[in-house]
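Undergrad:
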Amino acid sequence: MSSPLNVQLEHYEGPLDLLLDLIRKQEIDIYDIPIARITAQYLDYMQRAAELDIELGAEFVYMAATLIHIKSRMLLPRDPALAEAEAEEDPRRELVERLLEHERFKHAAEMLYQKRIIEEAVWSNPQIRQFLDEEEPGLAVTLFDLVKVLQQVLERARHRPVYEVAGEDVSVPEMIARLKALLERTPAAEALSVRELFERQPSRRAVIAMFLAILEMAKMQAIRLVQRDLFGDIAIRRHRRFGEVFSSPEAMAAIEEGYR
Amino acid sequence: MEVFEVNPAADPAEAATLPEPQTDGADQRLRAVIEAIVYVAEEPVTAAQIAAALGQPEETIRRVLEALAEEYDKPHHGLAVRHVAGGYKMATKPEHHEAVRAFVKSLKPPLKLSLAALETLALIAYKQPITAPEIMEIRGVQGAGVLKTLLERKLITTAGRKNVVGRPILYKTTKEFLVQFGLKDLSELPTLKEFDELRRLALEEPATDPGSGEGAA
Amino acid sequence: MEVFEVNPAADPAEAATLPEPQTDGADQRLRAVIEAIVYVAEEPVTAAQIAAALGQPEETIRRVLEALAEEYDKPHHGLAVRHVAGGYKMATKPEHHEAVRAFVKSLKPPLKLSLAALETLALIAYKQPITAPEIMEIRGVQGAGVLKTLLERKLITTAGRKNVVGRPILYKTTKEFLVQFGLKDLSELPTLKEFDELRRLALEEPATDPGSGEGAA
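Chains as they are written, first to last, in the numbering used here: chain C, 18 to 277; chain Y, 93 to 309; chain D, 93 to 309.
This is the structure:
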């Protein structure tokens with residue numbers, strides 16, 4: 018059997034590629050494929066692939082079956098009466114349509130490739146960086162900014178050698194009491210840096226306790242959170258209701274109850 | 093498309109005496125601003141975006157952009173204002189690539205795509221939105237492996253799910269695809285029919301075929 | 093180095109038969125190449141550098157550069173070719189900076205996430221609602237910072253607390269997340285299994301496994 022694939026066994030992406038190559042290399046009219054010849058050549062390819070230990074996908078086997086099926090249908094004698102009335106469906110038709118569709122996309126791929134070659138010869142040099150503002154300043158302090166600071170501190174603490182003092186196990190109510198005392202010693206107009214407050218804590222647990230204490234006090238409206246700009250340091254200062262909040266004994270009792 | 097001439101020196105006599113574009117100050121300024129914007133922008137800019145930012149009618153901006161593109165198209169310019177991905181983008185002209193390459197600092201990595209990937213990309217470009225099983229069916233190959241490559245390169249993206257058994261994911265091409273392939277929009281792609289013509293011309297086959305009328309498939 | 097071979101206008105024969113009105117093709121082309129080079133270069137380029145690259149006399153290049161600077165100096169241009177640090181550099185004219193800035197500000201910045209943020213977002217999208225400790229455990233790194241970014245970008249939001257020790261906050265994705273990722277609803281997210289499938293096929297390259305249908309566990 019003469020084969021157009023004599024020199025070396027080419028690699029085909031799939032059976033359609035193989036079929037198309039057989040048809041085009043031999044300049045066969047795709048609308049009148051000599052199915053017996055093509056089937057033989059197709060099977061020959063599969064045979065040699067097997068000899069060379071090249072594994073072909075299941076789709077190659079499936080296509081072989083399709084080809085053999087078409088070949089057998091072509092061999093069936095045609096009903097002359099039927100052939101007169103209406104042209105019998107060509108058993109090859111569906112395969113031809115698939116091959117043509119496949120070929121269209123091979124051409125389309127080629128077209129895309131050409132376009133890429135042009136694009137690779139073209140350069141842009143946008144200068145947008147010069148016009149990108151650094152982040153917008155402003156905005157009120159949210160809980161979220163607070164978390165941002167906590168995260169920074171914890172991150173740094175993680176890379177620092179940790180000296181956890183075993184005995185130093187502060188509860189949140191205790192921390193609130195400490196913070197309250199600290200604020201009372203601080204002039205009302207002055208703000209305390211949250212970052213510094215965190216950094217002063219000896220352990221991670223204490224940092225968390227301080228964090229929760231600040232949250233509680235903000236909720237109680239004992240303190241106000243202030244920030245100059247979005248990435249600026251967050252600070253706390255006494256709320257105008259500071260004295261009022263701590264004057265009622267129930268407030269602290271409720272917190273202590275909550276953390277029991 | 094109709095192109096409005098910003099330059100009133102369209103009169104041949106006037107053009108002879110006045111080689112400069114004789115536009116009034118405001119027009120000149122608008123042209124200058126738009127040139128600066130197109131130069132600065134990283135992504136293709138649309139007339140609508142510029143119109144919104146400058147508070148000018150979109151149609152005016154579009155006309156200036158077209159005039160700008162036309163002006164830069166002339167051979168004494170090494171830059172071009174190209175119509176890409178629905179917007180305008182400034183870039184060097186491809187014919188100067190050899191000389192320009194030497195001065196490019198960061199060489200962009202080439203978008204190396206295998207033939208299989210390009211075929212799949214073409215398939216998605218023409219048939220979108222399309223599912224992986226449909227792609228495999230047309231390509232006659234079981235592997236949908238190139239989809240991952242195309243997704244990673246941001247040339248395709250998912251487009252919901254198809255309401256058939258198994259609800260397979262649909263894929264479509266992205267804006268990045270248009271940019272990477274220098275396409276104005278998807279309609280700029282040649283039709284699949286045109287590829288048939290191409291093949292016919294190449295092979296000089298008679299145009300009598302049963303296969304060309306398969307629009308329903 | 094000779095670089096003038098691509099342009100058909102530079103062909104001497106053609107130039108002879110088609111007399112150009114003002115400048116000849118080679119002059120135009122040289123101007124174009126230099127314009128492209130000045131545009132592309134990150135640092136100011138000198139006449140000497142261009143001369144060396146193009147194999148042209150430095151004096152010729154200098155003249156073209158000067159002419160280019162003069163041309164861009166005109167008010168209808170928003171760009172300028174300025175003489176700085178011994179070389180030439182293209183830049184936007186300062187008088188248009190306000191307009192350019194207004195334009196840049198009006199652009200919706202594309203969603204850019206760090207790898208860590210993306211990993212975290214993916215975990216939340218697929219495992220929602222999920223707590224921070226759970227995310228950390230899966231990622232094997234402490235990633236509270238990315239949750240913050242994701243919350244800031246409104247891609248995730250809190251979803252109550254989990255009833256375990258410490259009652260950690262649960263996170264889920266938002267509507268904005270769907271918008272950003274072009275999803276109608278969460279069911280459109282590719283499943284982890286589908287993703288594995290894509291990966292597996294990509295690794296396999298040409299499909300060789302006849303039983304590749306649904307073997308994946």
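Note that the Cβ used here is the ideal one computed from N, Cα and C, for glycine as well. Values in this document were obtained by computation on a predicted structure and should not be read as measured data.
(1) Can you tell me whether ILE193 of chain C is buried or exposed, with buried defined as 16 or more other CB within 10 angstroms of its CB?
(2) Whose C-alpha, out of C:VAL113, C:LEU84, C:MET128 and C:THR83, is nearest the C-alpha of GLU280 of chain Y?
(3) Would you say GLU278 of chain Y reaches chain C, if we count a Cβ-Cβ gap shorter than 8 Å as a contact?
(4) Skipping 5 residues on each side, what residues in its chain have a beta carbon closer than 6 Å to that of ASP277 of chain D?
(5) Indicate whether LEU171 of chain D and TYR164 of chain D have their beta-carbon atoms separated by less than 8 Å.
(6) Pick out the complete alpha helix (DSSP H) segments inside the stretch 219-284 of chain Y, 4 residues or longer, and give them in chain order.
(7) Flag PRO108 of chain C as yes if its beta-carbon sits less than 8 Å from any beta-carbon of chain A, otherwise no.
(8) How would you write the range of the beta strand (DSSP E) that ARG258 of chain C sits in, first residue to last?
(9) Taking the alpha carbon of HIS169 of chain D as the reference point, which residue from Y:THR152, Y:VAL132 and Y:GLN120 has its own alpha carbon closest?
(10) Output needed for PRO221 of chain Y: all residues of its chain with C-beta closer than 6 Å, excluding positions within five of it in sequence on either side, in chain order.
(11) Kindly indicate if chain C contains any beta-carbon less than 8 Å away from that of ILE230 of chain Y.
(12) So what's VAL182 of chain C in DSSP terms, helix, strand or just coil?
(13) Pull up the distance between the alpha-carbon of ALA235 of chain C and that of GLY258 of chain D, whole angstroms please.
(14) Excluding the 5 residues preceding and the 5 following GLY88 of chain C in the sequence, name in chain order all residues of the same chain whose CB lies nearer than 8 Å to its CB.
(15) ALA138 of chain C versus chain Y: which residues are under 7 Å apart at the beta carbon?
(16) At 7 Å on the CB atoms, spell out the chain C contacts of TYR131 of chain D, in chain order.
(17) Looking at the C-beta of GLU127 of chain Y, does it have a partner C-beta in chain D at a distance below 8 Å?
(18) With 7 Å as the limit, tell me which residues of the stretch 119-139 of chain C have their beta carbon closer than that to any beta carbon of chain Y; keep them in chain order.
(19) Skipping 5 residues on each side, what residues in its chain have a beta carbon closer than 6 Å to that of LEU275 of chain Y?
(20) Mapping the DSSP letters down to three states, classify ALA172 of chain Y as helix, strand or coil.
(21) DSSP three-state label for SER210 of chain C, please.
(22) What is the DSSP secondary structure of GLN131 of chain C, reduced to helix, strand or coil?
(23) Mind listing, in chain order, the continuous beta strand (DSSP E) runs of no fewer than 3 residues lying wholly within the stretch 136-205 of chain D?
(24) In chain D, what lies closer than 7 Å to PHE148 of chain C by C-beta?
(25) Counting Cβ pairs, one atom from each stretch, are 3 or more of them under 8 Å apart for the stretch 136-148 of chain C and the stretch 173-187 of chain Y?
(26) For my contact list, ILE248 of chain D and THR223 of chain D are in at a C-beta cut-off of 8 Å; report their separation, rounded to the angstrom.
(27) Do ALA133 of chain D and PHE195 of chain Y have their CB atoms nearer than 8 Å?
(28) Could you check if PRO32 of chain C is buried or exposed, using at least 16 other CB atoms within 10 Å of its CB as the buried criterion?
(29) Any Cβ of chain D within less than 8 Å of the Cβ of HIS169 of chain Y?
(30) So, helix, strand or coil for GLN218 of chain C, using DSSP?
(31) Only counting the same chain, and skipping five residues up and downstream in sequence, which positions put a Cβ closer than 6 Å to that of VAL164 of chain C?
(32) Give the straight-line distance between the Cα atoms of GLU216 of chain C and ILE227 of chain D, rounded to the nearest whole angstrom.
(33) Between Y:PRO260, Y:PHE269 and Y:VAL256, which has its C-alpha nearest THR241 of chain Y's C-alpha?
(34) Please compile the residues from chain Y whose C-beta is within a distance smaller than 7 Å of the C-beta of ILE145 of chain C.
(35) Which residues in chain D have a C-beta closer than 7 Å to the C-beta of ILE142 of chain Y? List them in chain order.
TA: Working from what's here:
(1) By the 10 Å Cβ count, ILE193 of chain C comes out buried.
(2) Each of C:VAL113, C:LEU84, C:MET128 and C:THR83 was checked against the Cα of GLU280 of chain Y, and the nearest Cα belongs to C:MET128.
(3) Sequence inspection shows Leu at residue 278 of chain Y; the Glu mentioned does not correspond to that position. Output row for LEU278 of chain Y: interface = no.
(4) For ASP277 of chain D, there are no CB contacts under 6 Å within the same chain when 5 residues up- and downstream are skipped.
(5) Against a cut-off of 8 Å, the Cβ pair of TYR164 of chain D and LEU171 of chain D comes out as a contact.
(6) Here the runs fully enclosed are 224-231, 237-244 and 267-272.
(7) Reference to chain A is not applicable here, since the protein chains of this structure are C, Y and D.
(8) Annotation for ARG258 of chain C: no beta strand (DSSP E) segment contains it, and DSSP assigns it neither H nor E.
(9) With distances taken between Cα atoms, HIS169 of chain D lies closest to Y:GLN120.
(10) So the list reads ALA251, LEU262 and LYS264, once near-sequence residues are dropped.
(11) Chain C contact via Cβ: present.
(12) Bear in mind that the predicted position of VAL182 of chain C carries a pLDDT of just 46, short of 50, making it too unreliable to give a figure here.
(13) Each residue's Cα considered, the two are about 21 Å apart.
(14) Looking at the sequence itself, residue 88 of chain C is Lys, so the reference to Gly does not match. When the five nearest sequence neighbours on each side are left out, the beta carbons in the same chain lying within less than 8 Å of the beta carbon of LYS88 of chain C are those of ILE52, ALA53 and THR56, in order along the chain.
(15) Within chain Y, the residues near ALA138 of chain C are PRO186 and HIS189.
(16) Within 7 Å Cβ-Cβ: ASN142.
(17) Yes, because at least one Cβ of chain D sits closer than 8 Å to the Cβ of GLU127 of chain Y.
(18) Residues HIS119, GLU120, ARG121, PHE122, LYS123, HIS124, ALA125, ALA126, MET128, LEU129, TYR130, LYS132, ARG133, ILE135, GLU136, GLU137, ALA138 and VAL139.
(19) Answer for LEU275 of chain Y: no residue qualifies.
(20) Reduced to three states, the DSSP call for ALA172 of chain Y is strand.
(21) Of the three classes helix, strand and coil, the one that applies to SER210 of chain C here is strand, per DSSP.
(22) Note: GLN131 of chain C maps to helix in three-state DSSP.
(23) Listed in chain order, the beta strand (DSSP E) runs fully inside the stretch 136-205 of chain D are 171-176 and 179-184, counting runs of at least 3 residues.
(24) Going along chain D in sequence order, the residues near PHE148 of chain C (Cβ under 7 Å) are VAL192, ARG193 and VAL196.
(25) Yes, the stretch 136-148 of chain C touches the stretch 173-187 of chain Y.
(26) The beta carbons of ILE248 of chain D and THR223 of chain D sit about 12 Å from each other, so the pair does not count as a contact at 8 Å.
(27) Yes, the pair counts as a contact, with Cβ atoms nearer than the cut-off.
(28) Burial is judged here by how many other beta carbons sit within 10 angstroms of a residue's own beta carbon; PRO32 of chain C has at least 16 and is buried.
(29) Taking 8 Å as the CB threshold, HIS169 of chain Y lines the interface with chain D.
(30) Correct three-state label for GLN218 of chain C: coil.
(31) Note that VAL164 of chain C has pLDDT 33, beneath the 50 cutoff, so the model's placement of it is unreliable and the number below is only indicative. If we look at VAL164 of chain C and ignore the five residues flanking it on each side, it has no Cβ neighbours.
(32) In a straight line, the C-alpha of GLU216 of chain C is about 26 Å away from that of ILE227 of chain D.
(33) Nearest C-alpha to THR241 of chain Y among Y:PRO260, Y:PHE269 and Y:VAL256: Y:PHE269.
(34) Neighbours of ILE145 of chain C on chain Y, chain order: VAL132, ALA133 and GLU134.
(35) Chain-ordered, the chain D residues with CB closer than 7 Å to the CB of ILE142 of chain Y read PHE195.
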